[in-house]
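Position one of the sequence shown corresponds to residue 137 (our numbering), numbered consecutively onward. Everything on this sheet refers to the single structure shown next.
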Amino acid sequence: MRIEFKLRRLFACLGLLCALIFSGCNKSAVDTHLKDPATLRADAMRMLKDLPAGDVPKAQWPKSVKALNPLAVTREADNIKILLAHERGKFSVGYHVFRDPEKRPSMAGVWLEKTGFEGIYVYKTQY
Numbered sequence: 137m138r139i140e141f142k143l144r145r146l147f148a149c150l151g152l153l154c155a156l157i158f159s160g161c162n163k164s165a166v167d168t169h170l171k172d173p174a175t176l177r178a179d180a181m182r183m184l185k186d187l188p189a190g191d192v193p194k195a196q197w198p199k200s201v202k203a204l205n206p207l208a209v210t211r212e213a214d215n216i217k218i219l220l221a222h223e224r225g226k227f228s229v230g231y232h233v234f235r236d237p238e239k240r241p242s243m244a245g246v247w248l249e250k251t252g253f254e255g256i257y258v259y260k261t262q263y
């Protein structure tokens, strides 16, 4: 009976340890401490001015965007969307950099977080 109790305790501790390890591996966390937000914003404004709407080829990403190691970059109507992490059927995470710093992204199906930098938001979507 005493051994059975110790085994239960051991399995409970192992389960907790596994949960902590897996939660630390979640890619949905985005570093909201941008190293150079002013340059990122200026580069995004140039991209909005110079590029057509749609996916932006990697060769056209400025250094400030490349430094984020994105999976994809999209020029949308009034913003640049930078995809940082994606797990099909689960989540997508990245940044929206808006032309108009007062504009907020749509919140339909999206969780938003202000970065503390004008016009730059972290977005997270879950499927």
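C-beta: ideal position from N, C-alpha, C; glycine also. Predicted model, so just to flag it, every value in this text is computed and none were measured.
Collapsed DSSP secondary structure at L248 in the structure displayed: As a first step, residue 248 is located in the sequence shown; it is residue number 112 there, counting from the start. If DSSP states are grouped into helix, strand and coil, L248 belongs with the strands.
Nearest-angstrom Cα separation, counted from K202 out to V229: The count along the sequence shown starts at 1 and reaches residue 229 at position 93. The count along the sequence shown starts at 1 and reaches residue 202 at position 66. V229 and K202: Cα-Cα distance of roughly 16 angstroms.
Start-to-end residues for the beta strand (DSSP E) that takes in L170: Within the sequence shown, residue 170 is the residue found at index 34, counting from 1. L170: not part of any beta strand (DSSP E); DSSP gives it neither H nor E.
Spatial distance of N162 from P188 (CA atoms): For this step, residue 162 is matched to residue 26 along the sequence shown. For this step, residue 188 is matched to residue 52 along the sequence shown. For N162, the predicted model reports a pLDDT of 42, less than 50, meaning its position is unreliable and no value from the coordinates is stated.
Contacting residues, own chain, Cβ-Cβ under 6 angstroms from P198 (five flanking each side not counted): Residue mapping note: residue 198 aligns to position 62 of the sequence shown, counting from 1. Same-chain partners within the cutoff: D179.
Reduced DSSP category for K134 - H, G, I as helix; E, B as strand; rest coil: Here the chain covers residues 137 to 263 and nothing more, so residue 134 does not appear.
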